[in-house]
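Have a look at the structure below, then the notes.
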């Protein structure tokens, strides 16, 4: 049932369009009904709903229609169709997680097959009482017989003697003998096979190749999980294909181009039409299953004038072949496409879903929808460990297939809840002759700014840094890096504005950096939480990028200049065995003995990157990075030109825990704080200051503790036109992108950016050109964690835990362990660790007396 009041769910919610309410506080959202997402969209899913811990990525209906079987990131979920309740949850054995897609059931309903992100196809038996048990695991070795195959889509042969499974990392279609329970053959296909269907005569298989065709000699490529993939000039994967595999011959007989990220397939056997969902193009390709010629293509965006962002990845076709249902993950809706006997397919309307629908199925007059993010990170954690960004609460919905009148009402709701009116208004053109203001109301109107500097830091919540600021809504007891450690952050917030209602859209660095630089997260990332075995991308997998590319691509496309300082760079020290102290001493003494090499997977980004600025590496102090930037800034001063758009990474607030030989957490964060202060000071004393705006964010909140919500994070908006004071309006990462692009005169790059508000509350029309003076660090930046031999008890325990964590890249260290380490380091004790306040719990929203204002009004 839909709740009668508009409620707030924060774990799905960051940066929401809230306004203070005079009425009594709204309760937190306890069940399925109405909720809000980090993308500012409202969730009012149609039909009945079943919620459970997990991220459901695929589903299938039992042949008798009594059960729904759902694959999520953990294993199998069984729902009784009549009662619409979860009757069983079965985790994959061991540490195996579910892959991006892939579940099948035999015709007698007695056997299930589920693919995993690792190296097995799991078989399960269904008893007479309906109970499901794992029966065996069939090995699916990865490339070269080693590692994870990351199996995806599954199909059974008509005689059900064979299981066909896409082995995405092997670029092959696996052939499994059911009786033997063994992979007996691999048929070569193209790059990253995703979905598979088998013809009714069993002679052919249709395979969607996410990465498209194999490149030809001399074509531009980049590696995706070890395989060269075709890319465009931005570094984004540019090919998608469907192959028709001759199963007797064992080869892909025909391959045809589709849209990007061809994913879900549907085959209407009576009309011999094959439908392909192109997730990175927002289109459905219609093919003749015999000749493989394209019959048609239809866009499934909620408005024809919108850019990319609907992310359609799953399909179901009605038995009569007259209607196609398409899961639009980006719009939280299912598109309903009419398939007339004559004439072109057309979108008839939309059915509202929960967050990020990723699988659909039909049975009779009912439509079933699996929503990958469902209600966000709202599942209770066992053992009283509090809320976590990994405590996903998935939702599967059951909806009556709507008649035209109902579909019209649903469609209007989807347009409102997906913020289509706001998206369309984001392209409204203004008059170039208007007076310049900080953030123009419309495109084409002038801004007082000509330069935007975008500073991306790593992994802190609001309370961890600003919890001690009495002017904001903070909790001092949770503040571990307060004013003593971060004097510049505090001084900057007091002068330029304290945003105490800012939220990160993502949950980990893989999606956090995507939100921060692309304003959208692809299905590739949303479906990977069962195991990032294809890649945990940090600018090194072209299949994970959105079709609209990165914010710098958009800026460059509009004729503006750009410079990158460290983003998406895994810097490597030379020599690799150098310690932090070696690097710091070399920096202090200016000896120049140590150097580093950049490791940037996106070739165009390398061309715009400062060669003297190292990206991610916890052994490199941020003050060294600031020094490199300021050197170039002095060069820009001499030339009289500064790039219009600058991205600058300061990652040291991530910390290295209490790892011996590394800086203490306080020293790491103090280093980060001083570096930010120096950068702001340098810019504010430059000739460019009157026309420069600086945005400072975290990439993600790293499962940290915050009394309002774990997604709440520090953000600074710094310029001569800063309004100052406390900014209570809710904003998020896509709002930052939208605001920066509007300042630079660029339209939104995709639907997600267009839907976000402009951060006008941070600015005034009267400038204050007084420069900023960086405050010195109160903590020695080279204060190192004690060696193990000097420790005992819990200090030794956490030091050993820190040393065992992976610090080689963003978020590779276990987040829960790191937060406990940081708490111990700050408090000297494990006591009082706020487990109930970690992750995006939303416990403090009730006290804010908030309501959601209707979209479009």
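Numbering (the working numbering), first residue to last: 338 to 1194. All C-beta atoms, glycine included, are put in the ideal place defined by N, C-alpha and C. Nothing here was measured: the structure is a model prediction, and the numbers come from that model.
- The continuous alpha helix (DSSP H) containing residue 1014 extends over residues 1002 to 1021.
- Between residue 958 and residue 924, the gap from beta carbon to beta carbon is short of 8 Å.
- Within the segment 511 to 549, complete beta strand (DSSP E) segments of at least 3 residues are found at 519 to 525, 528 to 535 and 541 to 549, given in chain order.
- A straight-line Cα-Cα distance of about 5 Å links residue 409 and residue 394.
- Counted as a single uninterrupted DSSP element, the beta strand (DSSP E) harbouring residue 561 occupies residues 558 to 561.
- Here residue 950 carries a coil assignment [DSSP, helix/strand/coil].
- Taking the Cβ atoms as the reference, residue 402 lies roughly 15 Å from residue 737, outside the contact range of under 8 Å.
- Taking residue 879 as the centre and dropping the five residues before and after it, the same chain places the C-beta of 559, 561, 566, 568, 572, 573 and 574 closer than 7 Å to its C-beta, in chain order.
- Between residue 733 and residue 407, the C-beta spacing is below 8 Å.
- By the CB criterion at 8 Å, residue 1096 and residue 1071 fall outside the cutoff.
- Distance between residue 935 and residue 882, taken at the CA atoms: about 21 Å.
- Counting C-beta atoms within 10 angstroms of its own C-beta, residue 1067 has 16 or more neighbours from the protein chains shown and is therefore classed as buried.
- When 1086, 468, 651 and 460 are compared, the shortest CA-CA separation from residue 599 is found for 651.
- In terms of Cβ geometry, residue 1086 and residue 891 form a close pair [threshold 8 Å].
- In the DSSP assignment, residue 589 is bridged to 582.
- Straight through space, the alpha carbons of residue 1093 and residue 960 are spaced by roughly 33 Å.
- Between residue 494 and residue 535 a beta carbon distance of about 6 Å is seen, short of the 8 Å cut, so the two are scored as contacting.
- Nearest C-alpha to residue 632 among 654, 618 and 608: 608.
- Cβ-Cβ separation between residue 688 and residue 637: approximately 12 Å, too far for a contact (criterion under 8 Å).
- Here residue 1108 is near residue 1021, since their CB atoms are less than 8 Å apart.
- Excluding five sequence positions before and after residue 747, the CB atoms of its chain that fall closer than 8 Å to its own CB belong to 383, 686, 687, 688, 689 and 739, given in chain order.
- Annotated three-state conformation of residue 939 is coil, per DSSP.
- Here residue 811 really is in contact with residue 803; their C-beta atoms are around 5 Å apart, less than 8 Å.
- One Cα belongs to residue 1171, the other to residue 424, and the distance between them is close to 33 Å.
- Closest option to residue 886, judged by alpha-carbon separation, among 917, 850, 864 and 1081: 850.
- The criterion of a C-beta distance shorter than 8 Å is not satisfied by residue 987 and residue 706.
- Looking at the backbone, the Cα of residue 1166 and that of residue 1003 are separated by about 16 Å.
- When Cβ pairs closer than 8 Å are counted between the two stretches, the segment 1155 to 1164 is seen to touch the segment 996 to 1014, the count reaching three or more.
- Annotation for residue 1067: no alpha helix (DSSP H) segment contains it, and DSSP assigns it neither H nor E.
- When secondary structure is reduced to three states using DSSP, residue 659 falls in the coil class, being assigned neither helix nor strand.
- Taking residue 497 as the centre and dropping the five residues before and after it, the same chain places the C-beta of 443 closer than 6 Å to its C-beta, in chain order.
- Per DSSP, the continuous alpha helix (DSSP H) segment holding residue 891 begins and ends at 888 to 894.
- In the DSSP assignment, residue 932 is bridged to 911.
- Below 8 Å, too few C-beta pairs join the segment 753 to 760 and the segment 1020 to 1038 to call them touching: fewer than three.
- Between residue 962 and residue 1012, the gap from beta carbon to beta carbon is short of 8 Å.
- Shortest Cα-Cα distance from residue 477 to any of 462, 591 and 521 involves 521.
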